[in-house]
Every structure is written in structure tokens, then in C-alpha cells.
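Q: Quick note: the sequence shown uses our numbering, first residue 193, plus one each step. Below are the C-alpha cells for one structure; questions will follow.
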Amino acid sequence: MQQQLLFTPKKLGAIELKNRSIRSAAFENMGKNYSPTEELVNYHKSVAKGGVAMTTVAYASVNRSGISFDGQLWIRQEIMPELRRLADEVHSCGAKVSIQLGHCGNMTHWHTAGQMPVGASTRFNLYSPTFARKLKEKEILQIVKDFGNAVKLVKEAGFDAVEIHAGHGYLISQFLSPYTNRRRDKFGGSLNNRMRFMQMVIEEVLNVANREIAVVVKTNMYDGFRSGLQIDDCITVAKELERLGVDALVLSAGFVSKAPMTVMHGAMPVKTLAHYMDMKKYWWLKAMIRLFGRFMMKSLPYSEGFFLEDAKRFRKELKLPLIYVGGLIAGEKIEEVLNSGFDFVQMARVLINDPEFINHLKEGGITYRSNCGHSNYCIGRMYSKPFCCHHCAENLPKKIEKEIEKAERY
Ligand SMILES: Cc1cc2nc3c(=O)[nH]c(=O)nc-3n(C[C@H](O)[C@H](O)[C@H](O)COP(=O)(O)O)c2cc1C
Ligand code: SF4
């Protein structure tokens, strides 16, 4: 039987997508000098040829202090030719192209950010681990402008959409969450105050986008730990994003520095993470991960469509288009999600495993299933090397093969 809804076109703000599938932002670690490379262009071309309606280039920083990885993109005038080429090449393969824009806040290192990491409040960040300094008001206003400038540049470069990262414990999420925001000024305290930075960013982004490209926001349904945002607060945040006029929300959850596996579910690939980490640069982090990784980054059981029940609560409360993400690897679940009122589906791992997944679904019909076994090897590797599925990685050491086998049963 053929998919009923997946292969129908639908409008997303100013653009129309040929079907309901979007490649979710998943950090490729393929940038060089913070600019797109041939490898990055080729990966997105392969996903575009594989049938998705739109691919999302992951996690580009809007300024220098917002970079958390050397292989990341930093949106600036100098890289316009490379950005244009990336957009043109994806278009030539029949898909639209979006880019995730964000600022990492405290989740970086001195040498990566080029300065002391900054955040909503001064505190020690376990993820790096490093101290981060509280942003001054004038710096906050500059970052708002940096978001606007990044939107202006990617729009000029030919991108069809932007996805603003407001979840997962990055800067906007650090302002929203009571765990990371201890400010006593107009950006801290009540939820209304904690939403102020997000509101300013979104107003700036919408203004610059001017309804000529789509504006999507990735937001949390919950942070995933007791002192973070819970579901009711996140519904308030989502309603505010709806009021501000964004074109759609991607509903995710989790906080990379505190509850990373909430984002993806499954086992935390601790051995993979430590194995690929650069010994010279990160010997202390490598040692910490080996010793305490399992306790610091708790695994969470995986199931197909693991966010669906939580996302349905948001569907009931909101009218704007919603994009579902989380644990989609097979035709039947995708159809169930779309039939539950979600307008589009995003997928990350299944398209790392097989960029042609959507074409295979078209040929194989609704019962087609991918063989992505949620081993999360791709995540452990992504922190240090260009991402790839373990099916493509050669000469894996025995300890990693064992970790993959164990994770696939989790
Ligand atoms: C290798 C990898 C890198 C990721 N990087 C990002 C990222 O840069 N930004 C983001 O919002 N989510 C990121 N994610 C999360 C995915 O976008 C998605 O929300 C999550 O993996 C659940 O979807 P899935 O079950 O289809 O993989 C990443 C996921 C993976 C597997
Ligand atoms: S490494 Fe594992 S989780 Fe990642 S894409 Fe491959 S099979 Fe899926």
C-alpha cells in the first residue's frame, strides 16, 4: 500500500514543499574554516536526491562567540559564495534547503569561541567543562542583531527557510530554562522575562525574513530534568512563538549539557565518544567521559516515534503548523504521525543511515522499514569527525562494535 499523506505537497509559510518530509538538523561536522565544504554540499545533495522535500543544514552560528565546534558553519559575508553554491546544488537535486541558526551560549571552549564562553548567567558548565560569563544587556542586543544579519545573508544566498534553534540547552534555551537563567534583570525571573530574549530574536528574524522565506523554530516540549522547563511552561513558550507569527514549530526535548539522550533516546555511546576525541586537545574530557560518562549522560529507552504522545498535547493546544521529529524509521509510523495532525515530519538518523530512505519508502510502500538500529554511533562520532553511520565506517575496533550491538538492543 502507498503512503497516503507523506507524498502530498503542503505550504510552509512562503514556500511549498513537494511532500511532508524534511531532513532534520543533525550536525555534520563537515565545515572548514567555518565554511561549507565539498563534503557538506555532497551530503546534502545525496539527501535531496533521496527524495526529501527539504534538507536542513545543521547548527550554523550567527556570530563568533556562538561556535561550539571547529567543523561548524559561522554565517558571515566572507562565506557567501560557498553558501550560494550549497543552496544552488541542493536546488538542482530537486529539494528545498533550510539552515539551522543558533548560538551555543555556554556550551563551548575558550579556544573554539575565541573568548570566554558566554551564557544567560555566570556558571560552570559541565558539558565543556568550562566557566561561562553572564551576557551584558548590550551584548544581548548585539546577538539579536546577529540573528537578523544571519537571516539576511542566508536569504540572499538562496536558502528557502531558516530554523531558529530555541531548544536543547543552547543560548535561547539557556535563557528560557530556570536551570541556566539566574538573572535578576528583565531577562530573568518569571517565565515572561525569561522569554524576552527569544521574543526579541524571533521579532528580528521575522522582520528580516519578511515572509519571503519560511521561519521555523525548534523548541523544547520539556528540558528532561527536574530543575529544567516542564511541559506546561513549554506549552506557554510554544503559544508565544505562535503569537509572534512563526511559520511552524519543530517539537523536540532535552538539554545537551544535562539530559542529552532525551533529544535522541537510546543508549549513550560513551566508548565511541571517547574513542574519537582528540587526546592532545581534550585529554581531561576524554578521561572524564571514560570514568563518569555513563552517570553524567544517562541512556533513555528508545521506541519508534518516542515523542508522539507528548507532541499530541502540543497539537491540541496550538493552531500553527507543527513538525514532528523523533524516532521515525518506517512508513507506517510516519503515516500515523501525519494522521495525528502533524503537518510535516523531520528525520535525522534514518537519513544518516540511508539518504535514499524517502525514495525507498516510495518504492517499497507503507510497510517499508529502515535498518537504522538507533545505535547512536553517529552521535558519538559527530563530536570529533564528520558524521557517518556505523554501516559506512571501516575498521571499527572491537569495543565499538560491541557497544553498537548492545545499543541496538536498548
Ligand atoms: C548525529 C546527530 C547530530 C545532531 N545534531 C543536531 C543539531 O545540530 N541540531 C539539532 O537541533 N538537533 C540535532 N540532532 C537531533 C536531531 O535533529 C533529531 O532531533 C533527533 O535525532 C531525533 O530525530 P531522529 O530520531 O530522526 O534521529 C542531531 C542528531 C544526530 C543523530
Ligand atoms: S550509526 Fe546507528 S543510529 Fe546512527 S544512523 Fe547508523 S544505525 Fe542509525
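All C-beta atoms in this analysis are idealised placements derived from N, C-alpha and C, irrespective of residue type, glycine included.
#1: So residue 357 is in the beta strand (DSSP E); what residue range does that whole segment cover?
#2: Quick check: the region 232-243 against the region 324-344, are there 3 or more CB pairs under 8 Å?
#3: Going along the chain, which unbroken runs of the alpha helix (DSSP H) with 4 or more residues stay wholly within the region 265-330?
#4: Kindly indicate which residue of 377, 358, 410 and 270 has the alpha-carbon position closest to the one of residue 346.
#5: May I have the straight-line CA-CA distance separating residue 352 from residue 484, to the nearest angstrom?
#6: Return the bridge partner residues of residue 208 from the DSSP annotation.
#7: For the alpha helix (DSSP H) containing residue 238, list its first residue and its last residue.
#8: Which term fits residue 518, buried or exposed, when burial requires 16 or more other beta carbons within 10 angstroms of its beta carbon?
#9: Should the region 281-289 be regarded as contacting the region 302-311, the criterion being three or more beta carbon pairs within less than 8 Å?
#10: Grouping DSSP H, G and I as helix and E and B as strand, with all else coil, what is residue 539?
#11: Helix, strand or coil for residue 409, going by three-state DSSP, please let me know.
#12: Assign residue 428 to one of three DSSP states: helix, strand, or coil.
#13: What residue range does the alpha helix (DSSP H) around residue 517 cover?
#14: Looking at the structure shown, is residue 246 part of a helix, part of a strand, or coil, going by DSSP?
#15: Closest to residue 432 by C-alpha separation, out of 595, 591, 317 and 506, would be which residue?
#16: Under 7 Å from any heavy atom of ligand 2, does the C-beta of residue 567 make it?
#17: Using 8 Å as the Cβ pair cut-off and three pairs as the minimum, do the region 377-390 and the region 440-447 touch?
#18: Are there any heavy atoms of ligand 1 lying less than 7 Å away from the beta-carbon of residue 380, as far as the coordinates show?
#19: Output the distance between the C-alpha atoms of residue 295 and residue 262, rounded to the nearest integer angstrom.
#20: Report all residues from its chain with a CB closer than 8 Å to the CB of residue 535; omit the five preceding and five following residues, and keep chain order.
#21: Can residue 529 and residue 553 be called in contact, C-beta distance under 8 Å?
#22: Alpha carbon to alpha carbon, what distance is there between residue 266 and residue 256?
#23: Please classify residue 197: does DSSP put it in a helix, a strand, or coil?
#24: When you compare the CB positions of residue 452 and residue 446, do they come within less than 8 Å of one another, or not?
#25: Pick helix, strand or coil for residue 360, following the three-state DSSP scheme.
#26: So, under 8 Å CB-CB, residue 142 and residue 582 are touching, yes? Tell me the CB distance rounded to an integer number of Å.
#27: As a quick exercise: from 206, 289, 223 and 224, pick the residue whose alpha carbon is nearest that of residue 238.
#28: Is the separation between the beta-carbon of residue 206 and that of residue 329 shorter than 8 Å?
#29: Please determine, among 221, 462 and 214, the residue with the shortest C-alpha to C-alpha distance to residue 259.
#30: Quick one: residues in its chain with C-beta nearer than 8 Å to the C-beta of residue 419, no 5 flanking neighbours on either side, listed in chain order?
#31: Please report the distance separating the alpha-carbon of residue 560 from that of residue 456.
#32: Using a Cβ-based criterion (distance less than 7 Å to any ligand heavy atom), does residue 357 qualify as near ligand 1?
#33: Report the residue from 423, 375 and 578 whose alpha carbon sits nearest the alpha carbon of residue 250.
#34: Decide if residue 584 is buried, meaning its Cβ has at least 16 other Cβ atoms within 10 Å, or exposed.
#35: Assuming residue 522 is part of the beta strand (DSSP E), what are its boundary residues?
A: Put simply:
#1: 353-357 is the extent of the beta strand (DSSP E) around residue 357.
#2: no
#3: 272-284 and 302-305
#4: 270
#5: 42 Å
#6: 203
#7: 230-241
#8: buried
#9: No contact exists between the region 281-289 and the region 302-311.
#10: strand
#11: strand
#12: helix
#13: First-last for residue 517: 514-517, but that is the beta strand (DSSP E), not the alpha helix (DSSP H).
#14: strand
#15: 506
#16: yes
#17: The region 377-390, when compared against the region 440-447, does not touch it at the 8 Å Cβ threshold.
#18: No; taking the cut-off as 7 Å, the Cβ of residue 380 has no heavy atom of ligand 1 nearer than that.
#19: CA-CA distance, residue 295 to residue 262, rounds to 14 Å.
#20: Excluding residues up to 5 positions away in sequence, 202, 204, 212, 440, 513, 514 and 515 lie with their Cβ nearer than 8 Å to the Cβ of residue 535 in the same chain.
#21: Taking the C-beta atoms as reference points, residue 553 is found no nearer than 8 Å to residue 529.
#22: 7 Å
#23: coil
#24: yes
#25: strand
#26: Only positions 193 to 602 of the chain appear in this structure, which leaves residue 142 out of reach.
#27: 289
#28: The criterion of a C-beta distance shorter than 8 Å is not satisfied by residue 206 and residue 329.
#29: 221
#30: 370 and 371
#31: 22 Å
#32: yes
#33: 578
#34: exposed
#35: Segment: none, residue 522 is in no beta strand (DSSP E) and carries neither H nor E.
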